[in-house]
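Note sheet for the following structure.
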Amino acid sequence: HNSKSFRIRDLTALMVGLLFFSLIPPAEAYDAGDALALLLCTILTVVGFCACLAYITALVCLVLKV
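So the sequence shown is residues 1 to 66, counted in UniProt numbering.
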């Protein structure tokens, strides 16, 4: 049981780290390509965050047998 909760904490820490990493301001030379890359990375970050939340929820439901 402790190893599962440790993995959940690791996944949560990873998600928070990726979220903060995605908030780094862009470079000074900002053009349409940079805007597109920022938009795509933001979309991927949100989708990844939701996928991790769903995975963690599934693990918790499996452990609690809800």
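Don't be surprised by glycine CBs; every beta carbon is placed ideally from N, CA and C. Model, not experiment: these values are computed from the prediction.
Cα-Cα separation, C41 to L59: 27 Å
Between the CA atoms of R7 and T45 - distance to the nearest angstrom: 20 Å
Hey, how far is the Cα of F21 from the Cα of M15? 10 Å
Spatially closest choice to L38 from L23, A13 and V47, by CA coordinates: L23
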